[in-house]
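Before any comments, here is the structure.
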Amino acid sequence: MIDALNIADLSVSRGDRRLFHKLFLDVRAGEAVALTGGNGAGKTSLLRAIAGFIRPDGGQIDFVSNSVRLEADEARRQGLHLLGHLEGLKPARTALQELSFQCRYLGGNESQMAKAIEGFQLAPLLDLETRRLSAGQRRRLSLARLVSAPRPLWLLDEPLAPLDSVWRQRAGDQMQAHLAAGGMIIAAVHDPLPFAARAFDLGGFA
Amino acid sequence: MKALASLFARELSLAWGGGGGPLLACGFMVCFAVILPLAVGADPTLLSPVAAGVTWVGLAVASLLSLERMFERDLEDGSLDILALGPVPMEGVVLVKALCQWLANGVPLALTVPLVAVVLGQLAGAVGLMMLTALAGGLGFALTGALGAALALGAKRGGVLIAVIVLPLFIPPVVFGAGILARKGLEQPIGSAVAFLAAYVLFALVIAPLAGAAAIRNAQS
Chain A
50 MIDALNIADL SVSRGDRRLF HKLFLDVRAG EAVALTGGNG AGKTSLLRAI AGFIRPDGGQ
110 IDFVSNSVRL EADEARRQGL HLLGHLEGLK PARTALQELS FQCRYLGGNE SQMAKAIEGF
170 QLAPLLDLET RRLSAGQRRR LSLARLVSAP RPLWLLDEPL APLDSVWRQR AGDQMQAHLA
230 AGGMIIAAVH DPLPFAARAF DLGGFA
Chain B
738 MKALASLFAR ELSLAWGGGG GPLLACGFMV CFAVILPLAV GADPTLLSPV AAGVTWVGLA
798 VASLLSLERM FERDLEDGSL DILALGPVPM EGVVLVKALC QWLANGVPLA LTVPLVAVVL
858 GQLAGAVGLM MLTALAGGLG FALTGALGAA LALGAKRGGV LIAVIVLPLF IPPVVFGAGI
918 LARKGLEQPI GSAVAFLAAY VLFALVIAPL AGAAAIRNAQ S
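Here is the structure:
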């Protein structure tokens, strides 16, 4: 599967505003990148461009496996997770229903799901409707999605923001485990990640 | 295949459950059939000539009711992003959602048709045919409805917009569907009207997933 991401010469604009121009970023297996930048600098847009939701004005986003460039849409469908501000949880369905759907839909299996439930200590929450969960609990459920359906590239948009200090550390441990298994992480952050990550600044501070 | 099955199960449970489901559409349809005789008078000679046409108008309007929740909520809560990153292409997602919309709305609506037909004084002999055509027409409604719902994504108060986009597209099945029953009443052959209705459904089956998926991708960017 994907073992490197090469972004070259990328330009993205929203409406009339040019967010960034000629952006170069290479990520290799086992590497984490912490995207920083002011509000509106384009962190979320860069993540959504990598995930294929925003069409760039120019430049290349290449998903590479064993030095071979993959077909981008195919690579996205099988090789990446996007965790944004919106968590895609239906308020009236239980945490278990949502997690098991997402796990199966995104290509995970039962044992991986059990591992994710244990890793994020979700067992007591599984029977609750997702609207009854707190913001931090919802985020743990969303992070469990990433673990339950293993995919190499994680695109995270402020992944730790709603979590308390204990869970920031534990989520950080899960991310490190993902990196140790050859995964890649690009995370848009305001606060530093609880482990070593290469910083990549988009600017935008006034 | 596993992904497709889990998507289908989820969409069907969402279509049956959240926000009214089939009860809403069927309740609307029955109210509609009860109000009409109150408005124009309960004279069978007045009602039974228009029964088929009025039933089809009722089916078309009742099919509009739950279109807004087909994609709008999934866009708002981010589930469309997750669906887009799964193995099923967006065209397939639109098709699955339209089929579930049909199973949760079109099929129950077709089951109310006998009741409505009796209230409006439709000939009893045509009720079976009416249900069958309502089933086929309902599939067409669900598919074009999905297309309209996808096109209206992201617009504020999209529900009204969907009705304006979709209702004109519902005219052909209403014409052909009511036409089948009118010809049956005149004891003329119904083959051509059935063929036109089927052609509409097949056309929608091809166009709606393609155009709907394009509209959704546009709304996600």
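Chains A and B, in that order, are what the protein sequence lines are. Going letter by letter, the first sequence gives residues 50 to 255 in our numbering. Going letter by letter, the second sequence gives residues 738 to 958 in our numbering. Built from N, CA and C at the ideal position, the CB exists for glycine as well. Here the structure is a predicted model, which is why all the values come from computation and not from measurement.
Check your understanding: Along the chain, where does the beta strand (DSSP E) that runs through Asp818(B) open and close?
Key -> Where Asp818(B) is concerned, there is no enclosing beta strand (DSSP E), although the alpha helix (DSSP H) it sits in stretches over Ser816 to Ala821.
Point to revise | Under the three-state DSSP convention, the category Glu178(A) falls into | key: strand
Practice item. Could you round the C-beta distance between Ala198(A) and Cys152(A) to whole angstroms and report it? I think they count as a contact, below 8 Å. Key: 5 Å
Point to revise | Selection from Pro786(B), Gly891(B), Gly843(B) and Leu942(B) that minimises the alpha carbon distance to Gly815(B) | key: Gly891(B)
Practice item. Could you pull out every unbroken alpha helix (DSSP H) segment of at least 4 residues lying fully inside the segment 122-209 of chain A, listed in chain order? Key: 144-154, 159-168 and 184-197
Review point. Within 10 angstroms of its Cβ, does Asn158(A) collect 16 or more other Cβ (buried), or is it exposed?
Key: exposed
Check your understanding: Could you check where the beta strand (DSSP E) with Asn55(A) kicks off and where it finishes?
Key -> Ala53 to Arg63
**Study point:** Closest Cα partner of Trp793(B) within the set Ile902(B), Ala948(B), Ala873(B) and Glu924(B)
**Key:** Ala873(B)
Review point. Out of curiosity, what's the CA-to-CA distance linking Ile953(B) and Thr782(B)?
Key: 48 Å
Exercise for review: Starting from Gln109(A), follow its DSSP beta bridges and name the residues at the other end.
Suggested key: Ala57(A)
Review point. Can you pull the DSSP bridge partners for Met224(A)?
Key: For Met224(A), which the question treats as bridged, DSSP gives no partner whatsoever.
Exercise for review: Within its chain, find whatever has a CB closer than 8 Å to the CB of Met766(B); leave out the 5 residues flanking it on each side and keep chain order.
Suggested key: Gly795, Leu796, Ala799, Leu846, Thr849 and Val853
Practice item. Residues of the segment 819-838 of chain B with a CB closer than 9 Å to any CB of chain E: list them in chain order, please. Key: The question asks about chain E, but that chain is absent: this structure's protein chains are A and B.
Exercise for review: Return the CA-CA distance between Phe69(A) and His134(A), expressed in angstroms with no decimal places.
Suggested key: 21 Å
Check your understanding: Anyone know if the C-beta pair for Val128(A) and Leu202(A) falls short of 8 Å?
Key -> Per the sequence shown, residue 128(A) should be read as Gly rather than Val. In contact: Gly128(A) and Leu202(A) (Cβ atoms closer than 8 Å).
Practice item. Would you decide whether His227(A) is buried or exposed? Buried here means 16 or more other CB atoms lie within 10 Å of its CB. Key: buried
Check your understanding: With a Cβ-Cβ cutoff of 8 Å, do Leu95(A) and Ile51(A) count as a contact?
Key -> no
Point to revise | Cβ-based neighbour list, Leu205(A), same chain, cut-off 6 Å, excluding 5 preceding and 5 following | key: Leu132 and Ala236
Check your understanding: Name the chain A residues whose beta carbon is nearer than 7 Å to that of Gln957(B)?
Key -> Phe102
Point to revise | Residues from the segment 147-164 of chain A in contact with chain B, defined by Cβ distance under 7 Å | key: Phe150, Gln151, Arg153, Tyr154, Leu155 and Gly156
Check your understanding: With C-beta atoms as the reference, is Gly221(A) less than 8 Å away from Phe244(A)?
Key -> yes
Check your understanding: Is any beta-carbon of chain A found at less than 8 Å from that of Gly754(B)?
Key -> yes
Practice item. Return no unless some Cβ of chain A is closer than 8 Å to the Cβ of Ala740(B). Key: yes
**Study point:** Under 8 Å between C-beta atoms of Gln859(B) and Ala789(B)
**Key:** yes
Practice item. Using a Cβ cut-off of 8 Å (strictly closer), state whether Lys71(A) contacts chain B. Key: no
Practice item. Quick one: grab the DSSP three-state call for Ser750(B). Key: helix
Check your understanding: Just checking my contact of Ser803(B) with Ala770(B) at CB under 8 Å: how many whole Å lie between their CB atoms?
Key -> 19 Å between Cβ atoms; not a contact.
Check your understanding: DSSP three-state call for Val791(B): helix, strand or coil?
Key -> helix
Review point. Rounded to a whole number of angstroms, what is the C-alpha to C-alpha distance between Gly231(A) and Phe73(A)?
Key: 22 Å
Point to revise | N-terminal and C-terminal residue of the alpha helix (DSSP H) that Leu68(A) is part of | key: Careful: Leu68(A) lies outside any alpha helix (DSSP H), inside the beta strand (DSSP E) at Arg66 to Arg77.
Check your understanding: Do you know whose CA, among Ala246(A), Glu207(A) and Ser60(A), lies nearest Gly108(A)'s CA?
Key -> Ser60(A)
Check your understanding: Using Cβ-Cβ distances below 7 Å, what residues of the segment 187-218 of chain A are close to chain B?
Key -> none
Review point. In the structure shown, what three-state DSSP assignment does Met50(A) receive?
Key: coil
Check your understanding: Looking only at DSSP bridge pairs, what is Leu84(A) linked to?
Key -> Ala237(A) and Phe249(A)
Check your understanding: Mind pulling the chain A residues with CB within less than 9 Å of Asp814(B)?
Key -> Leu135, Glu136, Gly137, Leu138, Lys139 and Pro140
Review point. Quick one: is Leu884(B) buried, meaning 16 or more other Cβ sit within 10 Å of its Cβ, or exposed?
Key: buried
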